[in-house]
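Q:
Numbering (this note's numbering), first residue to last: 53 to 497.
1) Which ranges does the beta strand (DSSP E) cover as unbroken runs of at least 3 residues, wholly within the region 164 to 200, from first to last along the chain?
2) Output the distance between the C-alpha atoms of residue 371 and residue 492, rounded to the nearest integer angstrom.
3) Between which residues of its own chain and residue 412 is the CB-CB distance below 6 Å, once the five residues before and five after are set aside?
4) Among 385, 459, 438 and 373, which residue has its Cα nearest to the Cα of residue 417?
5) When the Cα of residue 399 is compared with those of 207, 87, 106 and 80, which residue comes out closest?
6) Taking the C-alpha atoms as reference points, what is the distance between residue 3 and residue 488?
7) Flag this pair as yes or no: are the beta carbons of residue 159 and residue 139 separated by less than 7 Å?
8) Exposed or buried, which one is residue 245 when buried takes at least 16 other CB atoms within 10 Å?
9) Where does the unbroken beta strand (DSSP E) through residue 156 begin, and where does it stop?
10) Taking residue 99 as part of the beta strand (DSSP E), name the residues at either end of that continuous run.
11) Taking residue 463 as the reference, give the member of 477, 401, 446 and 495 with the closest Cα.
12) Pop quiz: residue 419 and residue 448 are said to be a contact at Cβ under 8 Å. What is the actual Cβ separation, rounded to whole angstroms?
13) Report the CB separation of residue 122 from residue 187 in whole angstroms; it is logged as a contact under 8 Å.
14) In three-state terms, what does DSSP make of residue 308?
15) Report the CB separation of residue 307 from residue 274 in whole angstroms; it is logged as a contact under 8 Å.
16) Any chance you could list the beta strand (DSSP E) runs of at least 3 consecutive residues sitting entirely within the region 416 to 444, in chain order?
17) Leaving out five residues before and five after residue 481 in sequence, what residues of the same chain have Cβ atoms less than 7 Å from its Cβ?
18) Excluding the 5 residues preceding and the 5 following residue 192 in the sequence, name in chain order all residues of the same chain whose CB lies nearer than 6 Å to its CB.
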């Protein structure tokens, strides 16, 4: 350990933060979890990342990698191990204006990306939160307000630079190390640390974005009508239905339909959005034309002692009516979790199932439930939450890694179906045979 630490101090040009240091209290936390790591490393270069990886391996310490730090399962910190915080590697550069190619540091956030690309009239299909990291979101999916037109964030990656468990830098693309390139698009942080992503961006205009709200009593009809409309709606329209918000009345909270129409033509936008307005009694409607970057929201940091429990699953077309019926009943009952249903399909479903390690291409919807509170409250609510998911189980499939607060073997099996997992395990054996990168929905070598 002493030799490994001496080598780190010699080779590492960034900040090494240890317990007792001035910045340790903030550095030990990710957004949604708190830990007590022995070392938090803040690299300033790819060489620093290599040194940090080699140190963790040589010292035999648990390694966590932090991008934006938003992992619900707390992957961005640990106890007694090493955290490599990539926040200093956040450059965003348009490297080919004609092809809209963009190089993005592995520690950038989507807010930084949107702000950097806006002057060029470009955007990337990403998540919907400014402070979420590009790396964590992209490696496992990437659903936001352009997902139905431009696919997942990972569908827009054309290459990446990866620091492997051996501390080597490897380029992954369709031509170079193609199996690693397949694996990092959906396989999470299992194979190394991505220090640079290369994305194909697209030209963007302002977009029509906002919420249309309906009374809670109309939830069942609004939800079914919304899903029916999204099935045939233009792919420029992406939407999320949310209800049972405990901070807005729980069972009495309005049903909110968030919409984003990717385009600035008011007539086309109205044609896509007006059928939603006709689904019930509109009690609020703030849809307006705004810059794409303004659709991204600020991520909330829970107060100390408050934990978020998030679960997710996908819904195929044939199961949509029954799932929405169960969810409408659930949302009308006291103690319901916050429920969100995301429209998918479109560009996501046009990618072949085996083209990337993201395996849930055929889903029409994704269901997400979120509960918040101190640990005793969450434990008391767990049987009721399990009962809800027990009702849903026959009608849903899989899970979305970015919306899971746990990382059990059952979770990993839901994220990665058997064939996908087996192929990922083969890549893992090649690039991380000792499973150094285990702080994730882990694929064992």
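Here a beta-carbon is modelled for each residue, glycine too, at the ideal position from N, C-alpha and C.
A: Taking the definition as stated:
1) none
2) 30 Å
3) 366 and 450
4) 373
5) 207
6) This structure leaves residue 3 out entirely; the chain is present only between 53 and 497.
7) yes
8) buried
9) 153 to 157
10) Careful: residue 99 lies outside any beta strand (DSSP E), inside the alpha helix (DSSP H) at 98 to 111.
11) 495
12) 6 Å
13) Between residue 187 and residue 122 the Cβ distance is about 11 Å, and since that is not below 8 Å, they are no contact.
14) strand
15) 5 Å
16) 417 to 425
17) 497
18) 240, 453 and 454
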